[in-house]
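Structure first, commentary second.
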């Protein structure tokens with residue numbers, strides 16, 4: 006299978022601080038890939054470099070054959086990468102439908118003059134995008150009656166879903182989800198896991214996930230990459246990662262890793 | 348969808364286009380006059396020296412006001428729009444006190460000097476207190492809400508309120524003020540010529556009067572005092588800590604609101620001192636003088652790197668000199684436009700200013 | 081019950097103030113205005129469900145308003161007029177009182193009834209009522225001998241500008257403090273191509289498009305370097321632009337440009353300097369002929385037409401892909417970028433379209449007063465427009481119109497009339513010390529300043545919050561991105 010996203014030697018420095026250091030990282034097309042690591046490992050910085058919010062200090066990022074380095078966020082979105090945010094960033098005073106329709110901005114063509122003259126094409130596009138927005142809301146499981154609610158009045162779980170719908174509206178080939186289940190209860194998490202799978206299976210959208218919920222990560226991912234203090238310390242299948250010493254160490258500290266090893270040996274003996 | 352659909356990416360580098368546009372504009376319209384200007388500067392070095400000295404005096408008072416912008420912006424990221432008008436109120440307040448003490452050019456120096464110092468301190472106290480009250484009343488409650496535009500609009504409103512107060516101040520004709528406010532409320536008010544006007548460089552063709560020296564001297568003393576306060580004292584350190592990271596400072600036990608008040612108090616005091624010095628130096632004060640002064644000082648603060656105390660002093664000096672040169676070699680009519688042009692150019696090309704650091708952008 | 085009475089008082093206070101300040105038959109107009117305002121505010125405060133209730137409600141509200149208005153009329157004619165030298169005229173007092181009742185009560189009741197209709201019909205109904213009032217106003221003015229027309233036309237010009245500014249500040253969330261400059265640019269552009277100044281004498285109908293285009297062009301020129309800047313820096317840069325434009329206009333009357341030693345221009349007068357451009361062509365229409373300065377009615381309908389067309393097109397933009405992009409930008413610039421919105425492009429469009437509206441207003445104004453001077457577009461005009469937008473409610477056109485009416489009413493009618501009345505009272509009372517206080521010009525800045533501060537502190541979403549914000553509890557963060 007081809008890689009939809011390839012990064013090579015990506016590094017980001019803020020002043021003297023190196024947030025991401027020489028990371029080589031690939032996402033296979035059609036996979037669900039997770040990026041994990043302890044707090045401050047540089048995961049969100051990495052996301053922000055892919056989506057054009059930060060320009061890498063060094064390295065290349067290639068998406069579907071074209072370089073993303075130096076592109077503005079909106080260009081990256083136009084190229085086919087959608088994203089959600091760790092701390093929900095909806096357009097608080099717009100309705101759910103409007104939020105989703107904003108996501109379709111790059112896929113719409115209406116220009117100023119067309120809008121002013123209200124030509125047939127613009128009207129059709131507007132109606133079609135509204136229709137599609139409702140479909141997307143339905144797809145992520147948002148109550149149809151909530152569609153015209155102002156987004157800041159939605160319950161927390163719905164806001165997370167809405168953010169995914171909005172990202173889907175940009176018609177992405179790669180969807181970046183930054184801690185989509187943060188703050189959710191187990192039931193909501195399970196539903197969201199289902200949704201993520203469906204997005205991949207039914208829409209063929211590749212998914213790259215930052216997540217803290219290990220159960221979810223192990224459950225859903227086909228490949229996992231672990232960052233610690235800006236460097237990649239491991240990558241592979243969930244089963245590999247689970248037993249990787251360096252990963253356990255990064256999460257739980259050196260002693261814990263040794264203890265885990267000892268326990269494993271004792272168990273084996 | 349199994350196949351990749353590479354999408355064409357069109358980018359418009361607006362920032363770069365804008366910079367190019369400004370650069371072309373500068374080359375086309377400013378390069379030739381600039382060369383002419385430099386020629387005429389070289390032709391008459393005496394005149395140039397005189398303008399430079401005027402620039403230094405201007406720079407001193409601009410730096411005092413600029414510090415108020417920088418201190419407040421450094422901590423709360425608010426362009427305190429009303430700051431220039433606070434300076435104007437300082438001038439009016441000091442003039443009223445001068446009238447009350449009936450200081451005139453006849454007053455002997457033994458009496459005059461101590462009273463002037465008292466007036467200076469009282470003026471600084473007045474503007475400091477006023478600035479603090481305004482912060483409490485108009486800005487503080489907007490701070491937590493998270494929208495920077497609301498505070499800025501509020502500051503613009505306060506600026507207009509101050510201007511109107513200055514206008515109404517002209518109607519204050521209490522007998523004890525000995526008529527310093529004149530008979531027309533709106534007209535410029537005149538200060539008695541209380542500072543000695545001896546030329547220290549008499550006979551050289553260059554003018555640098557004793558009053559220039561006093562203005563520069565007092566400003567420098569205040570600037571050094573402020574610098575020492577901020578860098579050495581506990582309160583000053585608390586201020587810097589709050590400017591760096593307000594939440595962390597609060598966690599360390601710093602009373603953030605009090606620290607912010609302190610920034611307003613210090614900035615206000617300096618603006619008041621500046622108002623009085625300029626009033627005495629130029630001999631006039633008018634209710635809308637705050638706008639131009641505020642513009643120049645804000646430009647100075649941005650030029651030096653907003654939030655940076657030494658930068659504001661340096662910026663003040665530079666803007667003072669630039670406006671003095673512009674007055675002479677371009678035309679006083681265009682000086683405001685020149686200063687604004689500089690502001691635009693800095694913001695477009697180097698928003699962090701001369702001394703500002705650009706390592707981490709606050710998100 | 082409490083909110084009902086309180087909302088009825090809004091119109092009443094207006095009626096009272098108008099009647100008190102402007103004497104004569106203005107009391108009748110005051111009654112009409114009070115009724116109109118209550119027709120808006122009462123159903124807003126408490127939704128009405130059935131017709132009978134609405135009629136009752138409207139009657140109560142308009143009675144409260146009328147009583148207050150009549151109180152104003154009575155105080156004015158009985159207590160103030162005799163002191164300032166107009167003898168009490170019982171007949172005209174009675175006519176005013178009855179007129180106020182006759183006009184105020186039905187308007188208010190009808191509007192309350194309309195508000196119970198389903199939304200589509202409600203909108204048409206309100207439009208008809210407002211349309212009737214607007215269309216008949218010139219004759220009402222003439223009939224009541226009010227002579228407000230020469231004030232009403234500039235008021236409409238400023239409201240048009242406020243609507244343009246609302247695109248920039250209210251929709252896209254860009255604080256523009258130099259908006260009045262585009263007005264100047266539009267006025268000068270129109271003036272230059274339709275006056276003897278350059279010998280180009282286009283018709284008004286062409287010049288107004290030139291003005292719009294030139295203003296839009298300047299919007300783009302100013303915007304492209306500055307719009308990537310942060311919000312507060314943008315505010316200052318636009319303020320700077322707003323200052324540079326009048327300076328440039330004032331001083332570009334003797335332009336000499338040498339390119340090396342070849343003189344390109346010698347003492348060329350671009351802008352007319354301090355004396356401005358004068359006279360500017362007036363519009364000409366069949367039937368009406370050339371618009372005349374002494375007959376304001378055609379001007380009134382012209383600006384009203386420009387305004388209605390602008391509102392129509394602005395609301396189209398508002399509900400389009402572009403309008404959503406503006407709102408998204410205002411709410412969260414970073415997220416808007418991540419959703420594929422080219423933030424700079426979209427900001428630039430807002431800027432240019434706002435400038436276009438202002439340019440139209442400028443072209444009209446220049447033609448209306450047949451002259452244009454550099455000093456009329458300073459910072460205080462920009463801030464006054466900002467006041468109008470903020471008072472009514474950022475991002476909401478009907479709010480902006482209401483805000484515009486209030487600020488303009490206060491600035492042009494209330495303060496000067498109030499000042500005249502107070503001066504006459506002062507003179508009559510024999511107190512000399514206050515005689516020189518001019519209550520119109522000496523409190524103007526305070527009016528703008530306090531409006532801005534109080535609105536920000538007490539009601540940042542404005543008197544009429546925008547539809548999007550109105551559906552929820554009023555909050556303070558309705559207007560800007562929290563980056």
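Chains as they are written, first to last, in this note's numbering: chain A, 6 to 274; chain B, 348 to 710; chain C, 81 to 563.
Glycine included, C-beta positions come from ideal geometry on N, C-alpha and C.
Check: Against chain A, does residue 296 of chain C count as a neighbour if the rule is that its beta carbon must be under 8 Å from one of theirs?; Outcome: no
Check: Kindly list the residues whose CB is nearer than 8 Å to the CB of residue 425 of chain B, restricted to its own chain and excluding five residues on each side of it in sequence; keep chain order.; Outcome: 419, 486, 495, 498, 499 and 502
Check: Given this structure, state the Cα-to-Cα distance separating residue 286 of chain C from residue 507 of chain B, to the nearest angstrom.; Outcome: 39 Å
Check: So, helix, strand or coil for residue 33 of chain A, using DSSP?; Outcome: strand
Check: Quick one: complete beta strand (DSSP E) runs, 3+ long, within the region 311-384 of chain C?; Outcome: 335-339 and 342-348
Check: Taking only runs of the alpha helix (DSSP H) that begin and end inside the region 480-527 of chain B, which ones reach a length of at least 4 residues, in chain order?; Outcome: 487-490 and 495-516
Check: Tell me whether the beta-carbon of residue 32 of chain A lies closer than 8 Å to the beta-carbon of residue 211 of chain A.; Outcome: yes
Check: Which residue from A/146, A/157, A/40 and A/152 puts its Cα closest to that of residue 239 of chain A?; Outcome: A/40
Check: Can you confirm whether residue 121 of chain A, when its beta carbon is compared against all beta carbons of chain C, has any partner nearer than 8 Å?; Outcome: yes
Check: Answer yes or no: do residue 251 of chain C and residue 432 of chain C have a C-beta to C-beta separation smaller than 8 Å?; Outcome: no
Check: Taking 8 Å as the CB-CB cut-off, is residue 304 of chain C touching chain B?; Outcome: yes
Check: For chain C, check one thing: does any of its Cβ atoms lie closer than 8 Å to the Cβ of residue 422 of chain B?; Outcome: no
Check: In the structure shown, what three-state DSSP assignment does residue 90 of chain C receive?; Outcome: helix
Check: Determine the closest residue to residue 206 of chain C out of C/216, C/191 and C/218, with distance taken between C-alpha atoms.; Outcome: C/191
Check: Starting from the Cα of residue 107 of chain A, find the closest Cα among C/382, C/404, C/88 and C/137 and give me that residue.; Outcome: C/404
Check: By the DSSP assignment, the alpha helix (DSSP H) with residue 58 of chain A in it spans what residues?; Outcome: Unbroken run through residue 58 of chain A: none, as it is neither H nor E.
Check: In the structure shown, what three-state DSSP assignment does residue 130 of chain C receive?; Outcome: coil
Check: Spell out the partners DSSP gives residue 551 of chain B in its beta bridges.; Outcome: According to DSSP, residue 551 of chain B bridges with nothing at all.
Check: Specify, as a first and last residue, the run of the alpha helix (DSSP H) that residue 80 of chain A falls within.; Outcome: 78-84
Check: Tell me the start and end of each unbroken alpha helix (DSSP H) in the region 601-671 of chain B that is at least 4 residues and wholly inside, in chain order.; Outcome: 603-629 and 636-651
Check: At the 8 Å Cβ level, is residue 331 of chain C part of the contact set with chain B, yes or no?; Outcome: yes
Check: Between which two residues does the beta strand (DSSP E) containing residue 210 of chain A stretch?; Outcome: Where residue 210 of chain A is concerned, there is no enclosing beta strand (DSSP E), given that its DSSP letter is neither H nor E.
Check: When burial is assigned at 16 or more other CB atoms within 10 Å of the CB, is residue 150 of chain A buried or exposed?; Outcome: exposed
Check: Less than 8 Å between the beta carbons of residue 640 of chain B and residue 666 of chain B, yes or no?; Outcome: no
Check: Got a sec: which bits of the region 411-435 of chain C sit with their beta carbon under 8 Å from any beta carbon on chain A, in order along the chain?; Outcome: 411, 412, 414, 415, 416, 417, 418, 419, 420, 421, 422, 423, 429 and 433
Check: Check whether the Cβ atoms of residue 388 of chain C and residue 470 of chain C sit closer than 8 Å, and answer yes or no.; Outcome: no
Check: Closest to residue 90 of chain C by CA distance: which of C/141, C/227 and C/131 is it?; Outcome: C/141
Check: Would you say the region 419-426 of chain C touches the region 144-160 of chain A, given that touching needs at least three Cβ pairs under 8 Å?; Outcome: no
Check: DSSP on residue 179 of chain C, reduced to helix/strand/coil?; Outcome: helix
Check: Give me, in chain order, the residues of the same chain whose beta-carbon lies closer than 8 Å to that of residue 222 of chain A; leave out the 5 immediate sequence neighbours on both sides.; Outcome: 39, 41, 214, 216, 229 and 243
Check: Answer with yes or no whether the minimum CB distance from residue 260 of chain C to chain A is below 8 Å.; Outcome: no
Check: In angstroms with no decimal places, state the Cα-to-Cα distance between residue 357 of chain C and residue 318 of chain C.; Outcome: 25 Å
Check: Just by C-beta distance, which residues in the region 376-405 of chain C are closer than 8 Å to chain E?; Outcome: Included in the structure are the protein chains A, B and C, with no chain E among them.
Check: List, in order along the chain, the chain C residues whose C-beta lies closer than 9 Å to that of residue 515 of chain B?; Outcome: 517, 522, 523 and 526
Check: Taking 8 Å as the limit between beta carbons, can you name the residues of its chain near residue 256 of chain A, skipping five residues before and five after?; Outcome: 43
Check: May I have the straight-line CA-CA distance separating residue 519 of chain B from residue 122 of chain C, to the nearest angstrom?; Outcome: 44 Å
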